[in-house]
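Shown next, in structure tokens, is the structure this report addresses.
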Amino acid sequence: MRRKIYIIGILCGILLLTGCEKGKNISNKAEQITSNVIKKASYKDGDTIQKQIDTNIKINAEVNIPESLQSLKINKTKAYRPNLNEKNIKEIFFQKNDKLFKNIDSGYNSREFGKYDSICYTSADGASLIYEPADIEYSNLNREYYLNCLFTDPQFEDYNLDRYPQSEELSFAKKEKVFQKIKKVFDTLNIPISEDYTSYSLNHKQLKKEEKAMDSNGNIHTENEKKSWKEDDDAYYFILHQEINGVPIEQSGYGDGYTGTGVEETKLEVIYGKKGWISFEEQWGYSLEQTDTVWNIIPVKKALEYFQKKCDMLVLNEKWNISEISLKLLPVFKKNNDYEIRPVWFFEGDSLDQDKKEHKITIIFDAITGKEITT
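Dropping the structure here:
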């Protein structure tokens, strides 16, 4: 009997040791995952974080931190939407002798300027200028022809910007010279733009190949196409952005920028040809004022904690795969016409719903306070 008890005791001891060893291995693996996350949080741009948040949320993400933000410090930058001078805007796009027809559309309201009018000037040759307190849109009579040749959204099959060269110099002017003319106008508007611009050379031969005059249903109407494309129609298409210390300010809108606390999409685009302005759009650009106040940016590790807390409160019927964690700059509304350009952590990836349909997801956290920015 004693021998039987002795043997049982030995077996229990072995099982206990085995169980402890397994528990230790599991614990080590958990610690390894945690240490990997912590370790990579201190790395620079290009590192990878792998973490299983729960059964539905996985992170397998590359970390992107712009070089000038890798110190995790940034000077506070104030921003506001400029109150543009109507007379000055007219002088940029029209000659003194141009006969202009003025149409006033009233009843608009914004949190920055209160009630305002949308004013449209039309010239005898068909050019138009829409002026609002902080936004302008100019177009000449040929603008629609160019837009029928430009399909700018890479999510759709008809995207074609990659068919226009970016390095080609057109015969009517050097690209850099045209850009400096454009920059001077934005400086006049008190909207500083980055010199790291994107531009496409719109050669008349390529424009002819790409032209598709379509209605809102995607039906092509050849009768609305330009009769002929000539060298005089060559133009540059500029896609511009604003920046702070070489870091682009995000231009995508979020929330409600008119009555809510979000911002609308920023659009700074110009088409300029041999005969001058074809199209000029300034929508939701900002005047910027950098201060001496230094902000400390929360590291990746802390941003992951905020993301984890958000996930703990979610009940998901879909699967998330976060593939990129990026430190970016984003306009944030404060009050009236006061904004700040704040560093933010973007968690971006894909979501797969119950019907196996994928869609993009973006979760944003203020990189100073850690608060989520609702999109």
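Note that the sequence shown covers residues 883 to 1257 in our numbering. Positions of the beta carbon are idealized from the N, C-alpha and C atoms, including for glycine.
- Excluding the 5 residues flanking it on each side, Y998 has same chain C-beta neighbours closer than 8 Å at Y990, N991, S992, E1014 and P1015, in chain order.
- Separation of Y1028 and N1022 (C-alpha to C-alpha, rounded to the nearest whole angstrom) is 11 Å.
- Taking C-beta atoms under 8 Å as the contact rule, N1042 and S1205 fail to qualify, at a distance of about 27 Å.
- The criterion of a C-beta distance shorter than 8 Å is not satisfied by I931 and I1160.
- Boundaries for K940: no alpha helix (DSSP H) harbours it, while the beta strand (DSSP E) harbouring it runs I939 to N946, taken from the DSSP string.
- Closest in alpha carbon position to L1089, among V1176, I1255, L1212 and R1045, is R1045.
- C-alpha of E1230 to C-alpha of S950: approximately 22 Å in a straight line.
- Distance from the Cα of R963 is smallest, within the candidate group Y1154, G996 and K1184, for G996.
- Residue pairing for R1224: DSSP places it in a beta bridge opposite L1212.
- Distance from the CA of I1180 to the CA of Y1140, rounded to the nearest whole angstrom, comes to 30 Å.
- E1151 places its beta carbon 8 Å or farther from that of S1134.
- Sequence-distant Cβ neighbours of Q1190 in its own chain, meaning closer than 8 Å and more than five residues away, are I935.
- No Cβ-Cβ contact shorter than 8 Å links Y1168 with A1006.
- Judged by their CB atoms, L1122 and I1075 are nearer to each other than the 8 Å cut-off.
- In this structure, the alpha-carbon of D1237 lies about 48 Å from that of N965.
- The beta-carbon distance between K1184 and G1252, rounded to whole angstroms, is 7 Å. This is short enough to meet the 8 Å contact definition.
- No Cβ-Cβ contact shorter than 8 Å links I1223 with S1233.
- The continuous alpha helix (DSSP H) containing E1187 extends over residues V1182 to D1194.
- Taken through DSSP and simplified to helix, strand or coil, Y1079 comes out as coil.
- If the five residues before and after K958 are omitted, its C-beta is found closer than 6 Å to the C-beta atoms of T1173, T1175 and W1177, all from its own chain and listed in chain order.
- Taken through DSSP and simplified to helix, strand or coil, D987 comes out as strand.
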